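Q:
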Amino acid sequence: MTKNILLKTFMAFLLMSATTFAQNEQDVDAIEKARQAKEAAEKAAAEASAATEAAIEAAANKAARDARQDAKRKKEEEEARKLAEAQAAEEAELDAAASAAAEAAKRKMAEELGIEYEGLNVSEEEEEEIITDSLETDAFVAKEKLGISIGGAASVGVLSGASFTSVPLGGTIVITTPVGFKLGPFDYTVSLAFGGYQGTYDSNEDSEFTGPTPILDEFNPILAAVGGNLTLANLVFAEGHVGLIGKGSGFRGFAGLSLEKLMNKTLDLPINIKVGSEAFISSDMGSGNPSGWISLGLRLDYSL
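In terms of numbering that gives the first Met the number 0, the sequence shown is residues 0 to 303.
1. Give the list of continuous beta strand (DSSP E) stretches no shorter than 3 residues that lie fully inside the segment 41–72.
2. Which runs of the beta strand (DSSP E) fall wholly inside the segment 133–211 and span at least 3 residues, in chain order?
3. Quick one, which of Gly226, Leu234, Leu158 has its alpha-carbon nearest Phe250's?
4. Quick check: Ile214 and Phe193, are their CB atoms within less than 8 Å of each other?
5. Expressed to the nearest angstrom, what Euclidean distance is found between the alpha-carbon atoms of Phe163 and Ser154?
6. For Leu298, does the count of other Cβ atoms within 10 angstroms reach 16, so buried, or fall short, so exposed?
7. In this structure, what does DSSP give as the bridge partners for Ile221?
8. Spatial neighbours of Leu74 within its chain, please: C-beta separation below 8 Å, excluding the five flanking residues on both sides.
9. Is the beta carbon of Leu229 less than 8 Å from the beta carbon of Ala237?
10. Beta carbon of Gly195, beta carbon of Tyr187: below 8 Å?
11. So is Leu222 buried or exposed if we call it buried at 16+ other beta carbons inside 10 Å?
12. Since Ala282 contacts Ser248 with CB under 8 Å, what's their CB separation in whole angstroms?
13. For Ala278, list the residues DSSP reports as bridge partners.
14. DSSP on Asp283, reduced to helix/strand/coil?
15. From what residue to what residue does the beta strand (DSSP E) around Gly242 run?
16. Out of curiosity, what's the CA-to-CA distance linking Gly183 and His240?
17. Judging by CA-CA distance, which residue of Gly275, Ile4, Ala33, Glu31 is the nearest neighbour of Gly156?
18. Would Pro167 pass as a contact of Pro211 if the rule is Cβ separation under 8 Å?
19. Between the beta-carbon of Leu234 and the beta-carbon of Lys260, is there less than 8 Å?
20. Give the single residue among Asp267, Ala152, Ala97, Gly291 whose Cα lies nearest to the Cα of Phe218.
21. Would the beta-carbon of Asp267 fall within 8 Å of that of Ser148?
22. Buried or exposed: which applies to Met284, given that a residue is buried once 16 or more other Cβ atoms fall within 10 Å of its Cβ?
23. Rounded to whole angstroms, what's the CA-CA distance from Gly146 to Ile174? Just pull it up for me.
24. Suppose you measure from the CA of Gly296 to the CA of Leu158; what does that come to, to the nearest Å?
25. Between the C-alpha atoms of Val189 and Leu303, what's the straight-line distance to the nearest angstrom?
26. For Thr230, write down the residues that DSSP places opposite it in a beta bridge.
27. With which residues is Arg34 paired in a DSSP beta bridge?
28. Exposed or buried, Glu277, counting other C-beta atoms within 10 Å across all chains shown (16 or more means buried)?
Right, here's the structure in full:
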């Protein structure tokens, strides 16, 4: 009986030990699971935080790119607007200058033809101002004329006094100064005249010569005189100069037609052509007696 009691006691001890071990084993598994769950939660939180930061960074980068592109677009639009405004202003100035120049040309042409012209209500001063402003905008500076002209004329003699049997040939240089004034319908300007001519006297060709000895003289009269020019409507002109001709005092005159309208205003050339007759009279042509000659003259003037 005692043996049975001991056996039962031993079996009960074994059962209690197994139960206690199993309980301890269950407690260990629960702690491990809790630890693992905590680690998983921490990992998930870290991943969520990283994802949030990445999303914020991406959003910030996108906003920065969009802002940069928007600023660049606005800058390009502003530059394009300014360029368009500048081009429009330049075109407007050029159009205004062209219109004013055309109006001035029409008015001048009408004046030259002697007809009335009713154009735009713009004065000549306003036209000049518009054209000048346009030229200044294009950084163009026009050279102002000095008002001086130099002319060279070929003088071919056709008629002379008794001092010559061969009518003098030569050339005349006239320097026209900017000094002048209005004389009624005429424009008067002061000018200087210089020239050199060649002529001869051969008694064998003089039917009125009655001397015993033949005479052959060469005359080379020079001209140095001061005077002025009269011009009417830029078409008819007359010049008169008083000074030295030959060896005495004398007068030189030149009159005819001027092509100034055609050369200057129509063809816009800085030259003028004058055609007319030239006359020379001197108190001493070189032989002690007064004489003179008439020639045909063709002169080319260049304006400075």
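Built from N, CA and C at the ideal position, the CB exists for glycine as well. Keep in mind it's a predicted model, so treat the numbers as computed, not measured.
A: Walking through what the data contain:
1. none
2. 148–159, 165–182, 185–201
3. Gly226
4. no
5. 16 Å
6. Per the sequence presented here, residue 298 reads as Arg, with Leu not at that position. With 16 or more Cβ atoms within 10 Å of its Cβ, Arg298 is classed as buried.
7. Gly195
8. Before going further, note that residue 74 is Lys rather than Leu in the sequence given. For Lys74, where only same-chain residues beyond five positions count, there are no Cβ hits under 8 Å.
9. yes
10. no
11. buried
12. Checking the displayed sequence, the identity of residue 282 turns out to be Ser instead of Ala. Sure, about 5 Å apart at Cβ, within 8 Å.
13. Gly252, Ile293
14. coil
15. 235–244
16. 20 Å
17. Gly275
18. no
19. yes
20. Gly291
21. no
22. buried
23. 11 Å
24. 13 Å
25. 16 Å
26. Asp186, Phe236
27. BP columns for Arg34 are empty, so no partner.
28. buried
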